[in-house]
Amino acid sequence: MLLISCPNCGPRDETEFHYGGQAHVAYPENPNELNDVEWSRYLFYRANTKGTFAERWVHSTGCRQWFNMLRDTVSYDIKAVYPMGTPRPDTTPAAPEGAAK
Amino acid sequence: MAETAASPTSEKNLAAQNLAVRTSPARQLAEAFASGSLAGTVELAEVPFLTLVGLRAQAGSETAQRLASVTGGLPAQCGGTVTNGDTTVLWLGPGEFLVVAPTEAHESLGGDLIQALQSALADGQGQVVDLSANRTTFELTGPRARAVLEKGCSLDLHPRVLKAGTAYSTEVANIPVILWKTGEESFRIFPRASFAEFLGRWLLDAMREYASPEVP
Ligand SMILES: [Zn+2]
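Residue numbers (our numbering), protein chains in the order written: chain S, 1 to 101; chain P, 1001 to 1216.
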């Protein structure tokens, strides 16, 4: 069980949260201009990172607010919790915007 | 029917009759709660039909100030509550609150709390929603109340951490509830109506061991 520090409520059990997938996937500026391949990449393709991964979580049983988290997908070590809309607080290259490789 | 609708007294009687025919979400457990309660150790009861109002307004906004003037304030952070007479506001999230008021505060029984909040909201950005039927209220009291809750709640309920007058939206028995510590040995638990029977039976089961003599 992970102990996740909600920015509003403090540390709570993982069961109070829901996972929201990869963070920093920007909505396309002009969705109508995308072809099917590009659109499918936006919708369905995500990074499968081994190591530090930026992801979204929502404190569904608590304050019901979304936030971003940097989590190591190997050790499950939580490296940072930061607000929605702010850039990834890390020196390593950010996850690709939009579709993953 | 004009005669019955004319006098406010007969309207009150009608409201009382309406309340008498309502069935609360844990009504079927009332006898089990009474027989499962251990006077002076841990007691469980349903407090049916409290008036619950959901509020949403951005903290610090004019709308929030107008709503706060009706309730006597809005709590500022997680865990916070503001009590004004018999009405308490619980913090649920940034800009989201739950007003807990007596049954009679509801408009169906002649109260005016919800109308007062709605007129305070006016056309401001926010929400005033009657949530009275969304949840029911359990009252768990006695020196063993904390021990019962600790079987199914991962928050630190020790009095050096959890003070009376604190309320959290969290999980008890793996279901979402609002847990409000109302006194040193008393808690109010608000499960959604559909979870009332499950949580009631879970609490009864958790209370059972205290009916037996302590094993040395
Ligand atoms: Zn939270």
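Glycine residues also receive a C-beta, built at the ideal position from the N, C-alpha and C atoms.
The structure displayed is predicted, hence computed values, not measured ones.
Remark: three or more beta-carbon pairs, one from each stretch, lie closer than 8 Å, so the segment 1107-1123 of chain P and the segment 1014-1023 of chain P are flagged as touching. Listed along chain P, the residues sitting closer than 9 Å to S:THR15 by beta-carbon distance are SER1154, GLU1171 and ASN1174. For S:HIS18, the shortest C-beta to heavy atom distance toward ligand 1 is 6 Å or greater. The count of Cβ pairs closer than 8 Å, one atom from the segment 1048-1064 of chain P and one from the segment 1095-1104 of chain P, reaches three, so the stretches are in contact. Not one heavy atom of ligand 1 sits closer than 6 Å to the Cβ of P:CYS1153. Inclusion of P:LEU1140 and P:PHE1187 in the CB contact set at 7 Å is warranted, their separation being smaller than that value. For S:ARG56, none of the residues of chain P pass the 7 Å Cβ criterion, the least Cβ distance being about 17 Å. For S:ASN8, the nearest beta carbon of chain P is closer than 7 Å to its own beta carbon. For P:ARG1027, there is no enclosing beta strand (DSSP E), since its DSSP letter is neither H nor E.
Taking every protein chain shown into account, the CB of P:SER1037 has 16 or more other CB atoms within 10 angstroms, so this residue is buried. Here P:THR1088 is near P:THR1081, since their CB atoms are less than 7 Å apart.
A distance of 7 Å or more separates the beta carbons of P:THR1136 and P:ALA1045. Taking 7 Å as the threshold, the shortest C-beta distance from S:THR86 to chain P does not fall below it.
Neighbourhood of P:LEU1092 in chain S, by CB distance below 9 Å: GLY62, CYS63 and ARG64, in chain order. Annotation for S:ASN8 indicates a beta carbon within 6 Å of some heavy atom of ligand 1.
Boundaries of the alpha helix (DSSP H) around S:ASP36: 36-44. Here the alpha carbons of P:PHE1033 and S:ALA23 stand approximately 47 Å from one another.
Less than 7 Å separates the beta-carbon of P:LEU1157 from that of P:ARG1146. With contacts defined by Cβ atoms closer than 7 Å, S:PHE67 and S:PRO7 form a contacting pair. Assigned with DSSP and collapsed to three states, S:GLN65 falls in coil, not helix or strand. For P:VAL1053, DSSP records a beta bridge to P:VAL1099 and P:ASP1130. Using a cutoff of 6 Å, the CB of S:HIS24 does not count as near ligand 1, since none of the ligand's heavy atoms is closer than that.
With 16 or more other Cβ atoms from the protein chains shown falling within 10 Å of its own Cβ, P:LYS1181 counts as buried.
With a contact defined as Cβ atoms closer than 8 Å, P:ALA1120 and P:ARG1066 qualify at about 4 Å.
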